[in-house]
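> What follows is a structure written as structure tokens; I'll ask about it next.
2 protein chains.
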Amino acid sequence: MGGDFGPSVIVEAAHRFVEQSCSEILLVGDPKQLTSASDSIKVVPASEVVEMHESPSTVVRTKPQASIRVAFQLLRNGGAQAVVSTGNSGAMMVAGIMELGTIKGIARPAIAALLPRLGRDEPVVLLDSGANVDCSAHQLLQFALMGSHYARLLLGDEQPRVALLSNGTEESKGNDVLRAASRILAAERRIQFIGYIEANEVMRDRADVVVCDGFTGNVMLKAAEGTAHVVREAVEQGLRSSLRGRMGLALAAPILRKLFRGRFDPAAYGGAPLLGLEGLAIVCHGASNSNAVLNALRVAERCHRQRLVRELSTAIELLEAEMG
Amino acid sequence: MGGDFGPSVIVEAAHRFVEQSCSEILLVGDPKQLTSASDSIKVVPASEVVEMHESPSTVVRTKPQASIRVAFQLLRNGGAQAVVSTGNSGAMMVAGIMELGTIKGIARPAIAALLPRLGRDEPVVLLDSGANVDCSAHQLLQFALMGSHYARLLLGDEQPRVALLSNGTEESKGNDVLRAASRILAAERRIQFIGYIEANEVMRDRADVVVCDGFTGNVMLKAAEGTAHVVREAVEQGLRSSLRGRMGLALAAPILRKLFRGRFDPAAYGGAPLLGLEGLAIVCHGASNSNAVLNALRVAERCHRQRLVRELSTAIELLEAEMG
């Protein structure tokens, strides 16, 4: 029921998805707004909705029939294997923790966002991209481990390169938490740690997993998203200001549109799993179009087939046992 | 002597600058690499150079004849009124503090970077963009005050809008330091505080001054810079892959070049003053071209004419007296 464009993009993505997949879709929400023209798509009614501006923790608790809670109840009862939502991400986090709980040893899940990379078709994984404002060095280690497993399943790379987002590449850079995390990560044999990465290198092919606290990840993600939009608008305004530019734009427009609606629109880039939740949950950007939702459904299917949650659970259990 | 392109861009910018200005330029460094074809440009020899990869604090101390130290000595002795450099910014900070000291009440200067804005010719001021990794709420207040004065002199806006960079606009967002800073700023009548701003809104016309710690500012600035480069490269690669795209690119190229080498190349955007230093110092990006250096020289001239340092000094003195 969430997202900037309402349920129609979800319904469209669901229909495109089931055409190519043997998975089934349950659309959870207001039956009047949700339609199915396929045997593989069913509507599950939910009488309440969490709005984008509402405070997640209070609203989720006071709305037992909210669509996001009903969706997670389906997951808990085995009626579904993954939840995908374009709605209020804070509400999704609260509802997920309430209905499913977290993997043992994880206080709160991290949001693992995907950013496009120049020179690589596969995206880079950025986590935490918004859930945990203050993080300890140990939490960053957990994020690095979970991000590595996720990148391996998603990118098929046996040894994903993990970097810490910092304000320079020298060892002396960063703050106390980052320097402590850097020492722990360098000693952790299950992670291929390559050191610090600067924000201008994230979208290049240098690291496969970039780890940071949720405040820094939010700034990184939104700065990239904002700059991509601003540059696009400036390019189009610049070209429209002359005849020569307008001719160039007319020729370039279909290619630019494909690029900006596809890989290089960070807002539309697939979905971000809540890593550390005891179940599979993919949060999509509010501005997701049906391509983005379709990508998120594919990510969900792939993560389920590869048993991502079970693998993360085992990895964290081993880590916590060794660290005492 | 610094910068990715060596002294030639500096020499070129100096010659372009003196053609339009009644100010004089002193080029400090190796006389063999510095040439003057104008009565308004003199070469001041300095026998040592701080390289980009060298550790600022040790090198500056062990190289008394480093060009950056000689430049600040000129400033201290009244032989110059501003220092502009494309060299190692850490070394500039250390040399500036060593030779000039900071304004009373300021522990370390903040770097006030400029970012382009969509829909406004004037840039937005972002500080601290890299000098102070950990900042107290009181430091953020000082940055807000200094940034307001700088924006007023630079943009001619009597009441610049000041925002704190955060992970959301609601009051509950941010960390402890940001929430404390938000309360102090809201009560400060000399600052027009508009609340939190998210990273995707920084390059739009919402705030004139964006305040954050130097770690967050570094991530914001480098994410914007990196994304602008990556989007540009992706656009050009995308267009080159088809005949239609290549025709469009051929028509659009001069306009794109102007845009990306001008306002929308954050790397090339003028210079960033070290606010809080007891003298005028402008640090340029290492990748500055001669346009960027020319802009930085104009910013330096303007700040000197408007007596920026004296104004900041008075403002901080008043603030500290009132805060006890």
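Chains as they are written, first to last, in this note's numbering: chain X, 1 to 324; chain A, 1001 to 1324. Note that the Cβ used here is the ideal one computed from N, Cα and C, for glycine as well. Given the structure is predicted, the values throughout are model-derived calculations rather than measurements.
1. Under the rule that 16 or more other beta-carbon atoms within 10 Å means buried, what is A:G1226, buried or exposed?
2. Quick one: is A:L1141 buried, meaning 16 or more other Cβ sit within 10 Å of its Cβ, or exposed?
3. Can you look up A:P1116 in the DSSP assignment and give me helix, strand or coil?
4. List the residues of chain A whose Cβ lies closer than 9 Å to the Cβ of X:L34, in chain order.
5. How should X:E198 be labelled, buried or exposed, when 16 other C-beta atoms within 10 angstroms of its C-beta is the threshold for buried?
6. In the DSSP assignment, the beta strand (DSSP E) including X:R161 goes from what residue to what residue?
7. Using beta-carbon positions only, say whether A:G1270 and A:V1299 come within less than 8 Å of one another.
8. Rounded to whole angstroms, what's the CA-CA distance from X:L127 to A:L1178? Just pull it up for me.
9. Could you check whether the Cβ of A:M1052 sits closer than 8 Å to any Cβ belonging to chain X?
10. Residues bridged to A:V1124 by DSSP?
11. Taking the straight line between their C-alpha atoms, what separation do you get for A:T1102 and A:E1317?
12. Is the segment 130-148 of chain X touching the segment 202-213 of chain X, taking contact as three or more C-beta pairs under 8 Å?
13. Identify every residue that forms a DSSP beta bridge with X:A224.
14. What residues of chain A sit near X:L238, judged by a beta carbon separation below 8 Å?
15. Is the Cβ-Cβ distance between X:V84 and X:C303 less than 8 Å?
16. With 7 Å as the limit, tell me which residues of the segment 187-203 of chain X have their beta carbon closer than that to any beta carbon of chain A; keep them in chain order.
17. Run down chain A in chain order and give the residues with a C-beta less than 8 Å from the C-beta of X:T216.
18. How would you list, in chain order, the residues of chain X whose beta-carbon sits under 7 Å from the beta-carbon of A:L1118?
19. Going along the segment 125-141 of chain X in order, which residues come within less than 9 Å of chain A, judged by CB to CB distance?
20. In the DSSP assignment, the beta strand (DSSP E) including A:V1133 goes from what residue to what residue?
21. Starting from the N-terminal side, write out each stretch of the beta strand (DSSP E) that is 3 residues or longer and does not extend beyond the segment 1280-1310 of chain A.
22. The alpha helix (DSSP H) spanning A:S1242 covers which residue range?
23. In its own chain, which residues sit with a C-beta less than 8 Å from the C-beta of X:V108, not counting the 5 before and 5 after it?
24. When the Cα atoms are used, what is the spatial distance from A:M1001 to A:A1066?
25. Grab the span of the alpha helix (DSSP H) containing A:G1029 for me, first residue to last.
26. Mind checking which residues open and close the beta strand (DSSP E) that includes X:Q192?
27. Would you tell me roughly how many angstroms separate the C-alpha atoms of X:S288 and X:M52, rounded to the nearest one?
28. Who pairs with X:L275 in a beta bridge, going by DSSP?
29. Taking Cβ positions, are A:I1111 and A:A1272 nearer each other than 8 Å?
30. Considering only residues of the same chain and omitting the five flanking positions on each side of A:A1223, which have a CB-CB separation below 8 Å?
31. Out of X:S36, X:M203, X:Q139 and X:R190, which has the shortest C-alpha to C-alpha gap to X:V18?
32. Do X:A163 and X:I194 have their beta-carbon atoms positioned less than 8 Å apart in this structure?
33. Is there a C-beta anywhere in chain X that falls below 8 Å from the one on A:A1224?
34. Alpha carbon to alpha carbon, how far is A:T1086 from X:H138?
35. Over what stretch of residues does the alpha helix (DSSP H) that includes A:I1068 continue unbroken?
36. Looking at the secondary structure, which residues open and close the beta strand (DSSP E) in which X:S85 lies?
Based on what the coordinates show:
1. The count along the second sequence starts at 1 and reaches residue 1226 of chain A at position 226. Buried.
2. Taking the second sequence and counting its residues from 1, one reaches residue 1141 of chain A at position 141. Taking every protein chain shown into account, the CB of A:L1141 has 16 or more other CB atoms within 10 angstroms, so this residue is buried.
3. The residue you call residue 1116 of chain A lines up with position 116 of the second sequence. Reduced to three states, the DSSP call for A:P1116 is strand.
4. Against the first sequence, residue 34 of chain X aligns to sequence position 34. Those within 9 Å of X:L34 in chain A number zero; the least Cβ separation is about 29 Å.
5. Stepping through the first sequence from its first residue, residue 198 of chain X is reached at position 198. Per the 10 Å Cβ criterion, buried.
6. As a first step, residue 161 of chain X is located in the first sequence; it is residue number 161 there, counting from the start. Following the DSSP letters along the chain, one finds X:R161 inside the beta strand (DSSP E) bounded by residues R161 to L165.
7. In the second sequence, counting from the first residue as 1, residue 1270 of chain A sits at position 270. In the second sequence, counting from the first residue as 1, residue 1299 of chain A sits at position 299. Yes, the pair counts as a contact, with Cβ atoms nearer than the cut-off.
8. On the first sequence, residue 127 of chain X is found 127 positions in, with the first residue counted as 1. On the second sequence, residue 1178 of chain A is found 178 positions in, with the first residue counted as 1. Rounded to whole angstroms, X:L127 and A:L1178 show a C-alpha spacing of 22 Å.
9. Along the second sequence, one-based indexing puts residue 1052 of chain A at 52. A:M1052 does not count as touching chain X.
10. The residue you call residue 1124 of chain A lines up with position 124 of the second sequence. The partner list for A:V1124 (beta bridge, DSSP) reads A:L1115.
11. Taking the first residue of the second sequence as position 1, residue 1102 of chain A is located at position 102. Taking the first residue of the second sequence as position 1, residue 1317 of chain A is located at position 317. Straight-line Cα distance between these residues: approximately 12 Å.
12. Yes, since at least three Cβ pairs between the segment 130-148 of chain X and the segment 202-213 of chain X fall closer than 8 Å, the two stretches touch.
13. Taking the first residue of the first sequence as 1, we reach residue 224 of chain X at position 224. Paired residues: none, contrary to the question.
14. Looking up residue 238 of chain X in the first sequence gives position 238. At residue 238 of chain X the sequence reads Gly, which differs from the Leu that was named. Neighbours of X:G238 on chain A, chain order: I1255, L1256, K1258 and L1259.
15. Locating residue 84 of chain X in the first sequence gives position 84, counting from the first residue. Locating residue 303 of chain X in the first sequence gives position 303, counting from the first residue. Not a contact, by the Cβ cut-off of 8 Å.
16. If the cut-off is 7 Å between Cβ atoms, the segment 187-203 of chain X has E198, A199, N200, E201, V202 and M203 near chain A.
17. Within the first sequence, numbered from 1, the residue matching residue 216 of chain X stands at position 216. Per Cβ cutoff of 8 Å: F1215, T1216 and V1219.
18. By one-based count along the second sequence, residue 1118 of chain A stands at place 118. Against chain X, a Cβ distance below 7 Å from A:L1118 picks out V230, E233 and A234.
19. Result list: G130, V133 and D134.
20. On the second sequence, residue 1133 of chain A is found 133 positions in, with the first residue counted as 1. No beta strand (DSSP E) holds A:V1133; DSSP gives it neither H nor E.
21. Runs found: 1281-1283.
22. Working through the second sequence from its first residue, we reach residue 1242 of chain A at position 242. For A:S1242, no alpha helix (DSSP H) encloses it, and the DSSP letter there is neither H nor E.
23. Residue mapping note: residue 108 of chain X aligns to position 108 of the first sequence, counting from 1. Strictly speaking, residue 108 of chain X in this sequence is Arg, with Val absent from that position. Result list for X:R108: M93, I97, T102, A131, N132 and G276, in chain order.
24. Here the question's residue 1001 of chain A lines up with position 1 in the second sequence. Here the question's residue 1066 of chain A lines up with position 66 in the second sequence. One C-alpha to the other measures close to 10 Å.
25. Looking up residue 1029 of chain A in the second sequence gives position 29. That residue, A:G1029, is in no alpha helix (DSSP H); its beta strand (DSSP E) goes I1025 to G1029.
26. Along the first sequence, one-based indexing puts residue 192 of chain X at 192. Per DSSP, X:Q192 belongs to the beta strand (DSSP E) from Q192 to I197.
27. Start at 1 with the first residue of the first sequence, and residue 288 of chain X comes out as number 288. Start at 1 with the first residue of the first sequence, and residue 52 of chain X comes out as number 52. When rounded, the separation of the alpha-carbon atoms in X:S288 and X:M52 is 14 Å.
28. Within the first sequence, numbered from 1, the residue matching residue 275 of chain X stands at position 275. Bridge partners of X:L275: X:A110.
29. Position 111 of the second sequence, counted from the first residue, corresponds to residue 1111 of chain A. Position 272 of the second sequence, counted from the first residue, corresponds to residue 1272 of chain A. Annotated as proximal: A:I1111 and A:A1272, with beta-carbon spacing under 8 Å.
30. Position 223 of the second sequence, counted from the first residue, corresponds to residue 1223 of chain A. Excluding sequence neighbours, A:A1223 sits near A1199.
31. Counting from one through the first sequence, the residue named residue 18 of chain X turns up at place 18. With distances taken between Cα atoms, X:V18 lies closest to X:S36.
32. Against the first sequence, residue 194 of chain X aligns to sequence position 194. Against the first sequence, residue 163 of chain X aligns to sequence position 163. A contact, by the Cβ cut-off of 8 Å.
33. Taking the second sequence and counting its residues from 1, one reaches residue 1224 of chain A at position 224. At least one chain X Cβ lies under 8 Å of A:A1224.
34. The residue labelled residue 1086 of chain A in the question sits at position 86 within the second sequence. The residue labelled residue 138 of chain X in the question sits at position 138 within the first sequence. Roughly 38 Å between the two C-alpha positions.
35. What you label residue 1068 of chain A is simply residue 68 of the second sequence in a count that begins at 1. Unbroken alpha helix (DSSP H) run through A:I1068: S1067 to R1076.
36. Along the first sequence, read from residue 1 onward, the residue named residue 85 of chain X stands at position 85. In the DSSP assignment, X:S85 falls within the beta strand (DSSP E) that extends over V83 to S85.
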